[in-house]
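Top line first, the protein sequences correspond to chains D and W. Numbering of the first sequence is given in the working numbering, commencing with residue 134 and proceeding in unit increments. Numbering of the second sequence is given in the working numbering, commencing with residue 72 and proceeding in unit increments. To keep things clear, I will list the structure first and then write my remarks on it.
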Amino acid sequence: MTQNLVPGQNCPVPTSPLTVHVRAGAAADFSAFRLFADGKTRRDEDFVFYGQKRNDDGTISLMHDACSGTFSIDPARLAPDVEKVALAVTSDFPTIARLSSLTLEVCQGADCLLRCVVETARHDEAALILGEFYRRNGQWKFRFVAQGFRGGLRPLAEFYGVDVADDAAAPSPAPSPVPPRPASSGPVQSGPDPSRPAASGPAPSRAVNLGKIVLTKSSPRIDLTKHNIAGGIYRVNLNWNRAFTSRPSGLAGLFSANRQIDLDLAAYVRLKNGEQTIVQALGERFGALDRPPFVQLMGDDRTGSQEDGEWLHINGDRLDELAEILVFAFIYAGVPNWNATDAVVRLDIPGQPRIETRLSDGNEPLPMCAIARILHEGGTLRIERLERYFRGHEDMDRSFGWGFTWRAGWK
Amino acid sequence: MAVSLVKGGNVSLSKEAPGLESVVVGLGWDVRATDGESFDLDASCFLLNGEGKVRSDADFIFYNNKTSACGSVQHLGDNLTGEGDGDDEKVVVKLASLPADVTKLSFAVTIHEAEQRRQNFGMVSNAFIRVVNEMDGKEIARYDLSEDASTNTSLIFGELYRHNEEWKFRAVGQGFDGGLGALARNFGVNI
């Protein structure tokens with residue numbers, strides 16, 4: 134039987150392996166902190182997140198999509214000096230409220246033991262401590278916390294004693310400036326710390342790089358050299374904020390229901406042999422992974438209820454046959470208002486940091502956006518942000534010189 | 072040694088702490104580390120007669136009325152945030168000088184503006200209320216609010232009462248809603 138918890142409430146949990154499912158209504162990141170008696174982490178291995186999906190002894194691990202994460206936690210195997218495991222979520226948008234929904238479930242096998250529903254509308258924080266497993270009188274309990282930090286992952290990580298690398302501020306927009314860490318107690322030192330022998334080599338760095346590669350207007354591309362690239366499935370995800378509904382303007386708006394924006398993800402694919410094609414849901418041109426074009430659209434949900442957005446897979450094992458993949462999207466339903474969608478596109482290549490870009494310049498009411506291009510030339514994979522807006526397929530085709538014949542009836 | 076109390080359990084103070092003259096009811100919690108409105112917990116005490124009511128409004132000891140008329144019960148001040156270690160708020164009770172018609176003292180903890188701030192004890196880190204022997208600082212009984220009263224916003228912690236020439240302490244641990252005002256009315260205070 135499932136017990137619903139309110140924030141602050143706690144409940145004993147079994148010590149057998151547990152899974153925790155967290156689902157958000159829009160793109161988010163998930164993290165876990167292994168904490169000791171002082172409520173802090175001790176080492177980098179105590180922090181599980183998208184850059185480190187498993188801790189050293191395998192007691193905590195994370196699998197995630199754009200909008201959901203699953204933690205596997207084995208309380209019985211946690212070291213005896215571990216007092217707590219805290220689970221957190223950070224919104225890709227400025228606030229948790231923009232996720233529009235956020236639910237955590239603690240499960241044992243197929244049984245859902247605890248359900249925690251966050252009232253997202255109440256939360257202006259960018260990072261939220263969802264809950265914590267903790268020891269209490271020799272048993273493990275779980276508390277639904279739902280408290281967090283407006284500054285996002287950085288103050289959250291610092292609260293748990295994780296030093297965050299200074300160049301890692303990019304992942305989530307921090308609405309307020311992050312205050313510098315207070316200097317350690319004692320007089321200000323201008324020289325090397327005399328209590329630390331200089332000959333002992335560099336102090337071990339505890340700074341964790343939270344970075345993903347964010348492509349922006351000012352730094353629009355990244356080149357990956359081939360020897361760094363593994364095979365496997367490259368996953369492209371388009372996600373957007375479903376909380377926004379486009380309202381028909383004027384008097385009509387009073388009488389018609391709000392419509393959610395629905396975005397369709399699609400791709401132009403050019404093979405090394407010169408063949409080119411379009412992969413998209415319209416016309417049921419879903420593509421394929423094991424044969425040309427080696428790019429496949431992983432299903433489309435016209436209702437927009439698919440919480441983790443739209444996925445396009447690329448078969449990285451057939452990279453040698455691929456020359457170009459241009460990822461584009463169009464607004465299938467709703468008034469073109471890209472800015473309101475908070476759309477974000479992510480590319481996960483096995484063994485590489487996540488690459489992502491946001492659609493931020495869509496001021497004109499044009500329904501189609503060429504988002505990014507993956508070019509494979511001379512042993513280099515160039516990923517380039519485009520963010521160019523078009524009236525439709527033909528308009529975009531002309532701009533890139535593809536030369537398809539676009540027939541009416543496709544749409 | 073602190074006696075771990077179950078709800079409704081009694082501790083004979085004269086047995087646990089012979090020669091007990093005064094007790095301190097201490098309330099403590101951690102300052103809020105996350106963003107949001109701070110947690111402000113308030114300790115209060117009601118001097119009650121045989122009918123379980125205050126003799127007058129002056130028997131309601133809280134942050135705006137810190138000392139009883141007899142001087143036996145003293146609230147040492149209101150901590151608004153939980154800053155500092157140990158007990159953040161203390162109510163000191165001199166047992167010997169309590170008037171004979173006061174047969175019971177009831178201690179409560181409430182969260183200030185809990186409803187507006189949508190807070191409960193479980194959201195507050197390390198919140199507790201305890202009874203300590205003032206002479207040696209030893210803890211007699213303790214209630215971990217964050218843990219055992221997590222979904223409550225107000226709690227009657229326990230009561231000191233006269234029983235055959237000795238004082239006893241009973242852990243009540245009864246949560247309720249409505250805040251300090253509702254609680255005070257319940258004990259006969261004109262609010």
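In this text, a Cβ means the ideal position worked out from N, Cα and C, and glycines have one as well. Fair warning: this is a prediction, and the values are worked out from it, not measured in the lab.
Within the same chain, F169 and A170 come within 8 Å of D214 (chain D) by CB-CB distance, once the 5 residues on both sides are set aside. Beta-bridge pairing by DSSP links N370 (chain D) to D:W444 and D:R479. Within the region 98-122 of chain W, R103, A104, T105, D106 and G107 place their CB atoms closer than 9 Å to a CB of chain D, listed in sequence order. For N143 (chain D), the enclosing beta strand (DSSP E) stretches over residues N143 to P145. Nearest C-alpha to H234 (chain W) among W:S109, W:G121, W:A129 and W:T224: W:G121. By the Cβ-count criterion, D423 (chain D) is exposed, with fewer than 16 other Cβ atoms from all chains shown falling within 10 Å of its own Cβ.
Between I411 (chain D) and L398 (chain D), the alpha-carbon positions lie close to 11 Å from each other. Less than 9 Å separates the beta-carbon of G264 (chain D) from that of R276 (chain D).
Membership of F419 (chain D) in any alpha helix (DSSP H) is not indicated, and neither H nor E is assigned to it by DSSP. What T222 (chain W) touches in chain D, judged by beta-carbon distance under 8 Å, is V139, G141 and Q142, going in chain order. Per DSSP, reduced to three states, the secondary structure at N257 (chain W) is helical.
Per DSSP, reduced to three states, the secondary structure at S85 (chain W) is helical. Contact check for N370 (chain D) and G420 (chain D): beta-carbon distance about 16 Å, past the 8 Å limit, so the pair fails to qualify. At least one CB of chain D lies nearer than 9 Å to the CB of R189 (chain W).
With a threshold of 9 Å between beta carbons, Q241 (chain D) makes no contact with chain W. Secondary structure note for S201 (chain D): its beta strand (DSSP E) is the uninterrupted segment S201 to I206.
In the displayed model, D172 (chain W) falls within coil according to three-state DSSP, outside both helix and strand. DSSP lists D:N137 and D:E238 as the beta-bridge partner residues of R248 (chain D). Taking a Cβ-Cβ cut-off of 7 Å, the neighbours of F282 (chain D) in chain W comprise T105 and D106, given in sequence order. Taking 9 Å as the CB threshold, M194 (chain W) lines the interface with chain D. Taking C-beta atoms as the reference points, E258 (chain D) and G242 (chain D) fail to come closer than 9 Å. When DSSP reads this structure, K239 (chain W) sits in a beta bridge with W:S83 and W:Y232. If you ignore the 5 residues before and after E238 (chain D), its C-beta comes within less than 6 Å of the C-beta of H154, C245 and R248, all in its own chain and listed in chain order. In terms of CA proximity to S351 (chain D), D:R491 leads the group D:R491, D:N188 and D:A462.
Bounds of any beta strand (DSSP E) do not take in Q187 (chain W); it lies within the alpha helix (DSSP H) bounded by A185 to R188.
Counting only unbroken stretches of 4 or more residues, no alpha helix (DSSP H) element lies wholly within the region 118-187 of chain W. From the listed residues W:S85, W:W100 and W:G157, the smallest Cα separation to G193 (chain W) is found for W:W100. Using a CB distance cut-off of 9 Å, E218 (chain W) counts as an interface residue toward chain D. In the structure shown, I362 (chain D) falls within a coil segment according to DSSP collapsed to helix, strand and coil. Around the CB of I362 (chain D), 16 or more other CB atoms lie within 10 Å, so the residue is classed as buried. Contact of F163 (chain D) with chain W is not assigned, every C-beta pair being separated by 9 Å or more.
With respect to V250 (chain D), T236 (chain D) sits close: the two C-beta atoms are nearer than 9 Å. Counted as a single uninterrupted DSSP element, the alpha helix (DSSP H) harbouring N472 (chain D) occupies residues W471 to T474.
Closest option to A159 (chain D), judged by alpha-carbon separation, among D:E178, D:S194, D:Q136 and D:C200: D:C200. In this structure, the beta-carbon distance from K239 (chain W) to L98 (chain W) does not fall below 9 Å. Under the three-state reduction of DSSP, S225 (chain W) is assigned to strand.
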